[in-house]
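Asks: Sending over a structure as structure tokens; questions will come in a sec.
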Amino acid sequence: MLLGMTTGLIAQVDFSDKEKSIIYTNAVKVLEDYQTIINQVGEFVVSDIDKARSGAEGFLELFVNRQVLIFNDLDPAHKLSEFYEAETYSNSIILWYPDGITINLDLSNARVSDIMSHENNIYSLDVLVKKSINGNYLNQTLNQNVEDLTFRIAFSAENKALSNFKIVGIRNAASNYQIDFSQALREVNAEDFNDEDLTKIQSAIKAILQDYTNFLSLIGDPQEPAEDKEFYKESFLKLFPTADIRVYNDISPEPETNLISASDYLTRYIADYPNGIRNLSINADSAKFGKVMKADDGSFYTYSDANKFFSGSYKGRDVFRKAFPLIFKISFTSVEKTFSDFRISSIDISSVDFYEVSAETAGAPQLPQIVIRPVTRKGFNLSLIGSFGLTSITNKNIESLTIPKDSVFWNIDPLSGFITAVGVSYYFTDNIAVRSGLEFNTYSAKYNLQGKFGSKTLSADVNSDEFYKRIAADYDSLLTINYMTLPVLFNYTSGKPGKLGFFAESGIKISIPQKASYKCTGYYVYTGYYPDNPTVLQSLDLAELGFWKREAIDVTDKAKIKGFNLAFYASAGINIPLGYYSSITFGPEVIIGITDIAGGKETYKDIFGVEHEHQPTKIKNFGLRISLAYKL
């Protein structure tokens, strides 16, 4: 929160380059929203006035409070007040430009000042930007002015967390007029009242602040009867001119909207604190009062600073406890020195004096000169990558064997594959990069021969007797290959840094085997069938004839594979930011081998010794990858 009733002298502060980029990026985002909302209001004022008014309310969310003073660039001749409060400026967009208005901020050439430190972990910076306007002022004068404006943007920084970027002032860069934007409104259009009148007015304001406190306390008291609470609700809303009056949302720990209507405030107050509240207090006697101003309708208004303390169990669970320095805008009427009809016209949060200067720094303001270097992915990024999937080491010779054609069939089962990697990416833009690094890959597959198989062609034994070969087996061969891999990949990541997006990556992986092994288990029996022998001698397994039997096989040995493997790689998925400089990516990946890892062989022999023309053995891997990336 940008809070604080006390102020400190402005001082420059050192942030790291990365922190400055984050600050600049958020400041530019505020200005982008400023431009977008004004253009939307300018569009809707012609087509849908309700949407225009809603947009004007949203415009106020860009500011630390509605009393922030803005340079009046809506008046093309600059004959009116040089500064308007944000709320008046917002309303004037609709009133003065009924045919619409568009603006453009030249953000690509914007400049920033040094970052300045205030008390309570509050910081600010100035952004100098050229603003172009295009609109018909009061349907009478074309406004195509180009103004050099200085936006002062404040933010909080606690424990390296940067948040709540808000506009605290806008002035013309050519002006030497220094403004206390958090206090100057109190001095504009002040009316002269004598001490007696001011005492009466301030007493009435204290009373309405006390009513505000009492009604909320009674509504939040679980001991109060329900019928009495209905009366208190009505009385609370009568403190405001209408139930739509905007008040500061001080009852939500993390409000999505800072300003809500009085009726919405009351509804949330009841719903979000079902067990009632613990404490709610405003010391009206210690409230501070500003000067009294006269409104256009003849009524009067003033501002009162008062500290509000609130404590309660939010949603009936966590205790939310906080003190808020609030600004109450109080309106009233005066007839022959009789003051009446005191109402709360708005409630806002007080802000730091972002324009207080020391004697050493007083004088004409210096224009921002620093080129904005927002957060970017450009440059080197380091990533840690892991993936898990299924691997297929496909030997085309084995895969092509069939019972009808070859009298034998192998089962090939894909097994798990693992990849761990350290990647180095270089981003040429915020979206396009090339990645390399070092990977360790493990691929495995199992070949299974199970059943009884017989050859269709006759063979001759040592005695030249003809027989058919017979194989009976339940035999597994587990092949495992470990690679060290160098990837050369092209990457596309959508969106800006810090935003959710998707990624796509493809390229080539060059792998060098570090270890390749096989493990064989099971049994394997080789016999012969002699069709010309008597029946009792047709099936023979004599070792003297070259037959053999192996049981309880358990053999591990090195596998012979080619010296390198070239593979195509592709992956796509979601990119989840963990901040502006780090992210997690998650998605499927595929690796398709290009080279034959068993290259160098001309023929392949099946279990019957039949030679086949050599076909390639290639690796395929389908898996899920997760990676953590960090901008260096």
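Numbering (my numbering), first residue to last: 30 to 661. Just so it is clear, CB atoms sit at the ideal spot from N, CA and C, and this is done for glycine as well. Bear in mind the structure is a predicted one, so any value in this text is a computation, not a measurement.
Do Ile648 and Ile603 have their beta-carbon atoms positioned less than 9 Å apart in this structure?
Replies: Going by C-beta atoms, Ile603 is not nearer than 9 Å to Ile648.
Asks: Counting Cβ pairs, one atom from each stretch, are 3 or more of them under 8 Å apart for the stretch 553-560 and the stretch 518-535?
Replies: Output reads no: the stretch 518-535 does not touch the stretch 553-560.
Asks: Quick one: grab the DSSP three-state call for Leu31.
Replies: Its pLDDT being 39, under 50, Leu31 is placed unreliably in this model, and the coordinates cannot settle the point.
Asks: With DSSP collapsed to three states, give me the class of Glu61.
Replies: Helix at Glu61.
Asks: Hey, could you find the ends of the alpha helix (DSSP H) Tyr559 is sitting in?
Replies: That residue, Tyr559, is in no alpha helix (DSSP H); it is neither H nor E in DSSP.
Asks: To the nearest angstrom, how far is the alpha carbon of Phe463 from that of Pro606?
Replies: At residue 463 the sequence reads Val, which differs from the Phe that was named. About 19 Å.
Asks: Is it buried or exposed for Thr420, if we count other Cβ within 10 angstroms and need 16 for buried?
Replies: It is buried - the Cβ of Thr420 has at least 16 other Cβ atoms within 10 Å.
Asks: Could you say which of Leu574, Ser568, Ala489, Ser473 lies nearest to Lys544 if we only look at CA atoms?
Replies: Lys544 has its Cα closest to that of Ser473, out of Leu574, Ser568, Ala489, Ser473.
Asks: Considering only residues of the same chain and omitting the five flanking positions on each side of Arg95, which have a CB-CB separation below 6 Å?
Replies: Correct list, in chain order: Leu89, Ala115, Glu116, Asp377.
Asks: Would you report the Cα separation of Val255 and Ser264, rounded to the nearest angstrom?
Replies: According to the sequence provided, residue 255 is Ala. The question's Val does not apply to it. Spanning the two alpha carbons is a distance of roughly 14 Å.
Asks: Alpha carbon to alpha carbon, what distance is there between Phe457 and Ser22?
Replies: Absent from the structure is residue 22, since the part of the chain shown begins at 30 and ends at 661.
Asks: Buried or exposed, going by whether 16 or more other CB atoms sit within 10 Å of the CB of Ala106?
Replies: With fewer than 16 Cβ atoms within 10 Å of its Cβ, Ala106 is classed as exposed.
Asks: Using the rule of at least 16 other Cβ atoms within 10 Å of the residue's Cβ for burial, across every protein chain shown, is Trp577 buried or exposed?
Replies: Exposed, because fewer than 16 other Cβ atoms sit within 10 Å of the Cβ of Trp577.
Asks: Figure out for me which residue from Tyr241, Gly129, Thr286 has the closest Cα to the Cα of Lys267.
Replies: It is Tyr241.
Asks: Please classify Phe597: is it buried, with 16 or more other beta-carbons within 10 angstroms of its beta-carbon, or exposed?
Replies: Label assigned to Phe597: exposed.
Asks: Output yes if chain B places a C-beta closer than 9 Å to the C-beta of Glu365; else output no.
Replies: The chain inventory of the structure shown lacks chain B, comprising one protein chain alone.
Asks: Within its chain, find whatever has a CB closer than 8 Å to the CB of Leu595; leave out the 5 residues flanking it on each side and keep chain order.
Replies: If we look at Leu595 and ignore the five residues flanking it on each side, its Cβ neighbours are Ile537, Lys538, Ile539, Ser540, Gly622, Ile623, Thr624.
Asks: Can you give the beta carbon distance from Pro127 to Asn168, rounded, assuming they're within the 8 Å contact cut?
Replies: Correct: roughly 6 Å between the Cβ atoms.
Asks: Helix or strand or just coil, what does DSSP make of Ser445?
Replies: Three-state result, Ser445: strand.
Asks: Taking the beta carbon of Val437 as the centre, do at least 16 other beta carbons fall within 10 Å, making it buried, or is it exposed?
Replies: The residue in question, Val437, is buried, as its Cβ has 16 or more Cβ neighbours within 10 Å.
Asks: Rounded to whole angstroms, how far is the Cβ of Ala316 from the Cβ of Phe338, which I believe are closer than 8 Å?
Replies: Not a contact, Cβ separation roughly 14 Å.
Asks: Excluding five sequence neighbours on each side, which residues of the same chain lie with their C-beta closer than 7 Å to the C-beta of Thr632?
Replies: So the list reads Glu640, His641, Glu642, His643, once near-sequence residues are dropped.
Asks: Within 10 angstroms of its Cβ, does Leu566 collect 16 or more other Cβ (buried), or is it exposed?
Replies: Answer is exposed; the Cβ neighbour count stays below 16.
Asks: Can Ala233 and Phe318 be called in contact, C-beta distance under 9 Å?
Replies: It is not a contact, given that the beta carbons lie outside the stated cut-off.
Asks: In three-state DSSP terms, what is Arg297?
Replies: If DSSP states are grouped into helix, strand and coil, Arg297 belongs with the helices.
Asks: Round the Cβ separation of Ser363 and Phe329 to the nearest angstrom and send it over; I've been treating them as touching at under 8 Å.
Replies: That belief holds up - the Cβ atoms of Ser363 and Phe329 are roughly 6 Å apart, short of 8 Å.
Asks: Inspect the CB distances between the stretch 423-443 and the stretch 70-87 and report whether three or more fall short of 8 Å.
Replies: At 8 Å Cβ cutoff, the stretches do not touch.
Asks: What separation, rounded to the nearest whole angstrom, lies between the Cα atoms of Ser45 and Ser333?
Replies: Distance between the alpha carbons of Ser45 and Ser333: 40 Å.
Asks: Over the uninterrupted alpha helix (DSSP H) stretch that includes Arg464, give me the two end residues.
Replies: Looking at the DSSP string, Arg464 is not in any alpha helix (DSSP H); the run it does join, the beta strand (DSSP E), is 461-489.
Asks: Could you tell me which of Ile248, Thr509, Lys485 sits nearest to Lys498, measuring between CA atoms?
Replies: Among Ile248, Thr509, Lys485, the Cα nearest to that of Lys498 belongs to Lys485.
Asks: For Leu444 and Asp505, I'd like the C-alpha separation in whole angstroms.
Replies: One C-alpha to the other measures close to 13 Å.
Asks: When the Cα atoms are used, what is the spatial distance from Gln398 to Tyr113?
Replies: Going from the Cα of Gln398 to the Cα of Tyr113 covers about 27 Å.
Asks: May I have the straight-line CA-CA distance separating Gly551 from Ile582, to the nearest angstrom?
Replies: Answer to the nearest angstrom: the Cα atoms are 5 Å apart.
Asks: Let me check understanding here. Comparing Cα to Cα, which of Leu529, Ala502, Leu507 lies closest to Ile636?
Replies: Residue Ala502 is the option with its Cα nearest to Ile636.
Asks: Would DSSP call Gly71 helix, strand or coil?
Replies: Residue state, collapsed to three classes: helix.
Asks: Excluding sequence positions up to five away, which residues of its chain have a Cβ less than 6 Å from the Cβ of Asp104?
Replies: Hits under 6 Å: none found.
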